[in-house]
Structure formats: structure tokens, C-alpha cells
Amino acid sequence: MKYRSFIIFAENQFNMREMIQLLLWLWQMPQNLLGEILAFCYGGSTSFCRTGKYNRVAVVSSDRMRGGISLGNVIILPEYFSGKTLRHELGHCRQSLYLGWLYLVVVGLPSIVHAALHRKGDYYHFWTERLANKLGGITDIK
Ligand SMILES: [Zn+2]
155 MKYRSFIIFA ENQFNMREMI QLLLWLWQMP QNLLGEILAF CYGGSTSFCR TGKYNRVAVV
215 SSDRMRGGIS LGNVIILPEY FSGKTLRHEL GHCRQSLYLG WLYLVVVGLP SIVHAALHRK
275 GDYYHFWTER LANKLGGITD IK
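Residue numbers (the working numbering): 155 to 296.
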């Protein structure tokens with residue numbers, strides 16, 4: 155009887171972990187879907203990082219990508235990228251975790267407009283980029 159209750163306990167632990175991962179995926183669904191589509195389009199090699207106990211991020215590096223983009227649990231980077239760039243993108247992943255469905259409107263859209271309009275000077279002066287650096291643990295921020 156005790157053995158059986160242990161099995162049920164173990165199964166509940168497993169189900170709880172999967173449930174949390176599913177809820178986190180749904181919480182970030184719009185950017186996750188967009189990220190999956192872009193990762194499929196860009197191809198490239200994939201590795202994985204964690205941004206918390208339950209949240210796993212796929213890092214896709216593609217020779218067809220020039221900059222970096224973070225969409226929920228997917229980061230797409232150029233073929234060669236620095237650790238600092240990865241940490242910056244992981245900072246955007248944290249923004250996605252905090253904002254959920256609001257991420258694309260609050261961070262994604264302003265970031266893309268900023269990236270398109272930015273010509274010279276410090277790229278990281280813009281609040282979405284400065285905050286991503288901070289959340290990614292980049293300490294040498296101006
Ligand atoms: Zn950024």
C-alpha cells in the first residue's frame with residue numbers, strides 16, 4: 155500500500171512539472187507560436203538554456219540571421235554570437251515571462267520600431283533594450 159501511494163506521489167510530481175511548463179507556454183503563446191514559425195523558417199542549429207526552474211528556451215543560431223530576436227521560449231541569433239548577446243536575449247525572454255500575452259505589444263513592437271529607426275549611438279539607450287540587459291545580468295551598462 156505504501157509503495158503504491160509513492161507511485162501516485164511520483165506521478166503527481168511529474169504531472170505538476172508538465173502542467174507548469176504547459177501553463178508557462180500558454181502564458182507566452184502568441185510569441186511562442188511566432189518564435190516556432192520563425193525558427194522553422196530560419197533553420198540552423200539549436201541548443202537549450204533555462205530561464206527558471208521550469209522554463210526552457212531554444213537558442214537557434216542561423217547563418218541567415220543578422221541580429222537577434224527573442225520570442226517567448228525561442229531565441230534566434232546569427233551563426234556566431236557572443237555570450238553577452240545571448241544574455242541580452244535571455245533578458246528579453248524574462249520580459250516575456252513577466253508580461254505574457256502583453257509582451258508583443260509592450261516590448262516586441264517598440265523594439266522592432268526602435269531597431270528599424272535606430273541609426274547611430276548607443277542601441278541600448280532604449281528602455282526595452284536597457285531592461286533586457288539588466289534582466290540578462292549584463293552589468294557593464296552605461
Ligand atoms: Zn534587444
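All C-beta atoms, glycine included, are put in the ideal place defined by N, C-alpha and C.
key: Euclidean distance between Cα positions of Ile223 and Leu177   = The alpha-carbon of Ile223 is positioned some 23 Å away from that of Leu177.
### Query
Going by the CB atoms, is the gap between Asn227 and Trp179 shorter than 8 Å?
Going by C-beta atoms, Trp179 is nearer than 8 Å to Asn227.
Q: Identify, in the order they occur along the chain, each residue of the same chain with its Cβ nearer than 6 Å to the Cβ of Gln185, setting aside the five sequence neighbours on each side.
A: The residues are Leu225, Gly226, Ser250, Tyr257 and Leu258.
query: Where DSSP assigns a beta bridge to Thr282, which residues make up the other side?
result: None, per the DSSP bridge assignment.
Closest by CA to Glu283, which one among Trp255, Gly254, Leu253 and Thr239?
When Trp255, Gly254, Leu253 and Thr239 are compared, the shortest CA-CA separation from Glu283 is found for Thr239.
| task | Less than 8 Å between the CB atoms is what I'm expecting for Val213 and Phe202, so what's the real figure, rounded? | result | Confirmed, about 7 Å.
At a cut-off of 7 Å, is Ala270 close to ligand 1 when judged by its beta-carbon and the heavy atoms of the ligand? It does not: the Cβ of Ala270 is nowhere closer than 7 Å to a heavy atom of ligand 1.
Does Ile191 come out as helix, strand or coil in the three-state DSSP assignment? Ile191 falls in the helix class under three-state DSSP.
Notebook entry, point to check: What alpha helix (DSSP H) runs, 4 residues minimum, are completely inside the region 167–252?
Noted result: List check, alpha helix (DSSP H) in window: 183–196.
*Report the rounded CA-to-CA distance for Leu231 versus Met173, giving the unit in angstroms.*
Taking the straight line joining both Cα atoms gives about 29 Å.
- Query: Heavy atom of ligand 1 less than 7 Å from the Cβ of His246, yes or no?
  - Reply: For ligand 1, at least one heavy atom lies less than 7 Å from the Cβ of His246.
Considering Cα atoms alone, identify which of Arg248, Tyr208 and Arg218 is closest to Gly297.
This structure cannot speak to residue 297, because the chain is shown only from 155 to 296.
Going by alpha carbons, who is nearest to Glu233 out of Gly221, Ser216, Arg241 and Asn209?
Residue Ser216 is the option with its Cα nearest to Glu233.
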